[in-house]
Amino acid sequence: MRQWTSLLLFGLLFSLPLAAGQTRDPETHFFQDTFGDFREELETAREEGKAGVLIFFELDECPFCHRMKQTVLNRPEVQNWYRRHFRIFKVDIEGDTEITDFEGRTMKAKDFAFRVHRVRATPVFAFFDLDGKRVFRYTGATSGPEEFMWMGEYVVGRHYEKMPFTRFKRMKRKEARQRP
């Protein structure tokens, strides 16, 4: 099954290259709207058969957040794959918007980011399983779409239970080099 997932992912990334300029706004095609009740979003993710929830912790002035949006999160193949597997939301780490966390506690977005998830640099991609448990966290911009897709595959395939992401990436690079 993993081989099929890898082959499908490889096909999406390389056999269907984007024509120049073929991108979509990540604000409408990657991120989803929320009223800030992440416990409710978990229930929706379960009902939709998703692997979990992805939260993108960002800061308005963050150049790395902007780079991710302009070079990775704007690609239709990335948007489609991630939306098929996750409910996806963004949280402003300086925001005063009230949110409800996975345990039902209400707080400001900045407290959810800083106090609960210890976000001090952006971007942070935090993946949560269907029980609201954080299973993987990645800080910073990825090297590109390929690494970001590997991150999603790492979580969906539950590879975090067996190995760190750095080892998973080495394995994926080796597989890619062995292909004709």
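Per my numbering, residue 5 is the first one in the sequence shown, and the count goes up by one each step. Glycine included, C-beta positions come from ideal geometry on N, C-alpha and C. Nothing here was measured: the structure is a model prediction, and the numbers come from that model.
| Item | Value |
| --- | --- |
| N- and C-terminal bounds of the alpha helix (DSSP H) containing Ala-180 | 169-182 |
| Simplified DSSP assignment, three categories, for Arg-162 | coil |
| Member of Lys-94, Pro-80, Glu-31 whose CA lies at the smallest distance from the CA of Leu-63 | Lys-94 |
| Rounded separation between Tyr-86 and Thr-32 - CA only | 13 Å |
| Three-way DSSP call (helix, strand, coil) for Lys-112 in this model | strand |
| Contact under 8 Å by Cβ, Thr-126 with Ile-97 | yes |
| Per DSSP, the bridge partner or partners of Tyr-142 | Phe-129 |
| Gly-40 beta carbon less than 8 Å from that of Ile-92 | no |
| Residue from Met-72, Asp-105, Arg-171 whose Cα sits closest to the Cα of Val-128 | Met-72 |
| Identity of the residues DSSP links to Leu-58 by a beta bridge | Ile-92, Phe-131 |
| Other residues of its chain near Ala-117: CB distance less than 6 Å, five sequence neighbours each side excluded | Phe-61, Val-95, Ile-97, Val-123 |
| Buried versus exposed call for Glu-157 [16 or more other C-beta atoms within 10 Å across all chains shown] | buried |
| Separation of Gly-99 from Lys-114, as counted between CA atoms | 5 Å |
| Cα-Cα separation between Gln-36 and Lys-176, rounded to whole angstroms | 29 Å |
| C-beta contact flag for Ala-145 and Phe-68 at 8 Å | yes |
| Identified DSSP bridge partners for Glu-102 | Lys-112 |
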